[in-house]
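Taken in order, these protein sequences are the chains called A and B. If you're matching positions, the first sequence starts at 1 in this note's numbering and goes up one per residue. If you're matching positions, the second sequence starts at 1001 in this note's numbering and goes up one per residue. Here is the structure we will look at.
Protein chains: 2
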Amino acid sequence: MRRVKILGCGNALPTQTVTFDGQIRYRLGEGQTLLDLAETAILGALEDAGLTMKDIDCIVGAMATPLQAIPCNAALIHERMAKGTEIPAMDINTTCTSFVTALDTVSYLLDAGRYERVLIVSGDTGSAALNPNQKESYELFSDAAVAFVVGRGDGDSGVLYAAQKTWSEGAHDTEIRGGCGLMTAFKFTEENREDYYFDMKGIKVLKLAARKLPGFLSEALLQAGVTWDDVDVVVPHQASKALDMIMSRLGVAEEKYINRVSEYGNMISASIPYTLCEIIHEGKVKDGDLVVLMGTAAGLTSNVLLLKY
Amino acid sequence: MRRVKILGCGNALPTQTVTFDGQIRYRLGEGQTLLDLAETAILGALEDAGLTMKDIDCIVGAMATPLQAIPCNAALIHERMAKGTEIPAMDINTTCTSFVTALDTVSYLLDAGRYERVLIVSGDTGSAALNPNQKESYELFSDAAVAFVVGRGDGDSGVLYAAQKTWSEGAHDTEIRGGCGLMTAFKFTEENREDYYFDMKGIKVLKLAARKLPGFLSEALLQAGVTWDDVDVVVPHQASKALDMIMSRLGVAEEKYINRVSEYGNMISASIPYTLCEIIHEGKVKDGDLVVLMGTAAGLTSNVLLLKY
Chain A
1 MRRVKILGCG NALPTQTVTF DGQIRYRLGE GQTLLDLAET AILGALEDAG
51 LTMKDIDCIV GAMATPLQAI PCNAALIHER MAKGTEIPAM DINTTCTSFV
101 TALDTVSYLL DAGRYERVLI VSGDTGSAAL NPNQKESYEL FSDAAVAFVV
151 GRGDGDSGVL YAAQKTWSEG AHDTEIRGGC GLMTAFKFTE ENREDYYFDM
201 KGIKVLKLAA RKLPGFLSEA LLQAGVTWDD VDVVVPHQAS KALDMIMSRL
251 GVAEEKYINR VSEYGNMISA SIPYTLCEII HEGKVKDGDL VVLMGTAAGL
301 TSNVLLLKY
Chain B
1001 MRRVKILGCG NALPTQTVTF DGQIRYRLGE GQTLLDLAET AILGALEDAG
1051 LTMKDIDCIV GAMATPLQAI PCNAALIHER MAKGTEIPAM DINTTCTSFV
1101 TALDTVSYLL DAGRYERVLI VSGDTGSAAL NPNQKESYEL FSDAAVAFVV
1151 GRGDGDSGVL YAAQKTWSEG AHDTEIRGGC GLMTAFKFTE ENREDYYFDM
1201 KGIKVLKLAA RKLPGFLSEA LLQAGVTWDD VDVVVPHQAS KALDMIMSRL
1251 GVAEEKYINR VSEYGNMISA SIPYTLCEII HEGKVKDGDL VVLMGTAAGL
1301 TSNVLLLKY
């Protein structure tokens, strides 16, 4: 087990809400940016941990989408929250599961003594690129930010097991084709507007995930030497309204996993950590509990991480 | 020392060259993309290592700029080179020093046994966003891609020491403001075209780097327990024509470092690994040599890594 302790976390939602068939979704208000949400989340996480920015020795941006093509998101977060310090800032990105990949990766650095306390910041503003003509995605996503402060801890808590797989036959099932290097903003016209929107082939993603996830997840439990009885709570990526269907297919009992899709929708990279932070603050996670973080991401990538809290 | 062995590397340049005052720069040819360069670099690295894609158990995209906002670069590289496999794909980004950060980070995962052989791919196509009105950057950058296969090795080689610092007072000295989340392609007009170009305040970057780097570098050597006499070769980021001036300020003897700015210019995230791969293939690096990788990146970030080859 790689020693990691969750020292604190904070969530942030934007001010605007919209509702589709009773499903609540959050959108940036006028003049708000993801950096505003990140600031609220980070201040919350630091307060929760009883720490200040001076106690942090690495800032990791674990987001799906870039704020600017250059510099990385973590540098812009650094400018907002840590200007004048020398804290290293880096991004780790596997799209929707970036937080899990970041926690997984950072666990090695914490365990080896490279850093003492790392700030991981997730969050995206899907609303910047949602296509009003693509109902299934337009009505699904929310903007949000989340921050976690993680430290090494004393060895009682940590990452028991983590794994990732990428099946790139799904690389274009969830994407934003335009805006960056392969199709720059200079090429934007009203005629190719759709290429600059978020584009999701929901059924294809679902089918690929349904085919790949059961084996991946059961292999993870086997490798970690645990059974479903040992697992206290599963925090899945809040990918879509099909979450119950996917969880049932994976054989996860209804009382074991958290489904808040109707309250928040899919918050992209913020989904897993937002849900985790919320249930921690609700007292649903106790010391020693075995928490499974899991989900799919554009790629198609899937991550699973077993955290002894 | 964290066990890492360089198993092979490959470089790739695009077909088009331009020359400014005798300085050669490379630009994508018609119809070429960064993925084409990445493919050439990866095939070269695999051949150099005597391996195939099946031997790789993680693909890391270590680039400054996104190819698409979603999915991450590594997933698109996976699609090109590893479709049908389950190799995990992730991005690690600190802009120009992304390769150093990736090697640094991956060294923990290799040393701990998470992976056996990791493919790190760097490269950018600055030409996609160069501003013809900003001579200092327009005449400086080249497009290129590089791939390294790194394995755990037997303990004779590895990362002796690595560190990163970020000074975000320089966050906007090197940037592309438009195209991504904070200023989307939808807002592009001919009037704000400059916001979508790469923008560099070269003198400001140079001044900040000149102020911060000497202390950072001497601290790194001290922490690693080595002196300049122990160092065989320094591979600096080929940031600009001021490289000799910066190296002199850092007290690095001229025969110790590699300066290929006139041959290639600044290849963004490819600069450090391209130069490293080139001198390896030229036979300038021998087993057991102490190689220092170092440089500055947008952020302003600086990385230094001491590699026992």
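Ideal Cβ positions, reconstructed from N, Cα and C, are used throughout, including at glycine. Remember, predicted model here, so these are calculated numbers, not experimental data.
| Check | Outcome |
| --- | --- |
| Contact set between the segment 1171–1186 of chain B and chain A, restricted to residues whose Cβ is under 9 Å from the partner | ALA1171, HIS1172, THR1174, GLU1175, ILE1176, ARG1177, GLY1178, GLY1179, CYS1180, GLY1181, LEU1182, MET1183, THR1184, ALA1185 and PHE1186 |
| Secondary structure of A:PHE148, DSSP reduced to three states | strand |
| Run of the beta strand (DSSP E) containing B:MET1294, from where it starts to where it stops | 1290–1297 |
| Where the segment 68–81 of chain A meets chain B: residues whose CB sits under 7 Å from a CB there | GLN68, ALA69, ILE70, PRO71, CYS72, ALA75, LEU76, HIS78 and GLU79 |
| Residue from A:VAL60, A:SER168 and A:LEU307 whose Cα sits closest to the Cα of A:VAL159 | A:LEU307 |
| Euclidean distance between Cα positions of B:PHE1198 and B:CYS1180 | 13 Å |
| Whole runs of the alpha helix (DSSP H) within the segment 198–239 of chain A, excluding any shorter than 4 residues | 202–224 |
| Proximity test, Cβ basis, 7 Å: B:GLU1086 and chain A | yes |
| Residues, ordered as in the chain, of the segment 88–111 of chain A that lie near chain B by beta-carbon distance below 8 Å | PRO88, ALA89, MET90, ASP91, ILE92, ASN93, THR94, THR95, THR101, THR105, TYR108, LEU109 and ASP111 |
| Residue interval of the beta strand (DSSP E) (run including A:ARG25) | 23–27 |
| Nearest neighbour of B:ALA1014, chosen from B:ASP1036, B:ARG1003 and B:GLY1008 [CA to CA] | At residue 1014 of chain B the sequence reads Pro, which differs from the Ala that was named. Nearest C-alpha to B:PRO1014: B:ASP1036. |
| Meets three-Cβ-pair contact criterion under 8 Å: the segment 55–70 of chain A and the segment 118–126 of chain A | yes |
| Neighbour-count burial assignment, A:LEU222, 16 or more Cβ in a 10 Å radius | exposed |
| Residue span of the alpha helix (DSSP H) that contains A:MET247, given as start and end | 243–249 |
| Residue range of the alpha helix (DSSP H) that includes B:ASP1173 | Per DSSP, B:ASP1173 belongs to no alpha helix (DSSP H) and is neither H nor E. |
| Given 8 Å, three or more beta-carbon pairs between the segment 1162–1173 of chain B and the segment 73–85 of chain A | yes |
| Under 7 Å by beta carbon: chain B residues contacting A:TYR196 | ALA1185 and PHE1186 |
| Where the beta strand (DSSP E) through A:SER122 begins and ends | 117–124 |
| Interface flag, A:ALA64 vs chain B, CB-CB below 7 Å | yes |
| Inter-stretch contact at 8 Å, needing at least 3 Cβ pairs: the segment 248–258 of chain A / the segment 1002–1009 of chain B | no |
| 8 Å contact criterion, which A:PHE141 and A:ASN303 should meet: CB distance rounded | Not really, about 19 Å apart at Cβ, beyond 8 Å. |
| Beta carbon of A:VAL261 nearer than 7 Å to that of A:LYS241 | yes |
| Top-ranked residue by Cα proximity to B:THR1085, from A:LEU293, A:VAL292 and A:THR301 | A:THR301 |
| Touching by the beta-carbon criterion (3+ pairs, under 8 Å), the segment 1273–1288 of chain B and the segment 1138–1153 of chain B | yes |
| One or two residues paired with B:MET1081 in a DSSP bridge | The partner list for B:MET1081 (beta bridge, DSSP) is empty, contrary to what the question assumes. |
| B:GLY1031 (DSSP reduced to helix, strand or coil) | coil |
| Closest residue to A:VAL234 among A:GLU194, A:ILE280, A:TYR26 and A:TYR196 (Cα-Cα distance) | A:ILE280 |
| Top-ranked residue by Cα proximity to B:ARG1027, from B:GLY1151, B:GLY1155, B:ALA1128 and B:THR1040 | B:ALA1128 |
| For B:LYS990, three-class secondary structure by DSSP | There is no way to answer for residue 990 of chain B, as the model of chain B reaches only from 1001 to 1309. |
| Listed by chain order, chain A residues near B:TYR1123 by CB distance under 8 Å | Sequence check: residue 1123 of chain B is Gly here, not Tyr. Ordered by position in chain A, no residue passes the 8 Å Cβ test against B:GLY1123, which lies about 10 Å from the chain. |
| Residue-level contact to chain B via CB, A:GLY225, 7 Å cutoff | no |
| CB contact check: A:GLY29 to chain B, cutoff 7 Å | no |
| Per-residue burial, B:PHE1020 [other beta carbons within 10 Å of its own, 16 or more giving buried] | exposed |
| Residues near B:PRO1214 by beta carbon distance below 6 Å, same chain, minus five either side | LEU1250 |
| Own chain, CB closer than 6 Å to B:ILE1176, minus 5 neighbours either side, in chain order | ALA1129 and PHE1198 |
| A:PHE99 - containing beta strand (DSSP E), residue span | Careful: A:PHE99 lies outside any beta strand (DSSP E), inside the alpha helix (DSSP H) at 98–111. |
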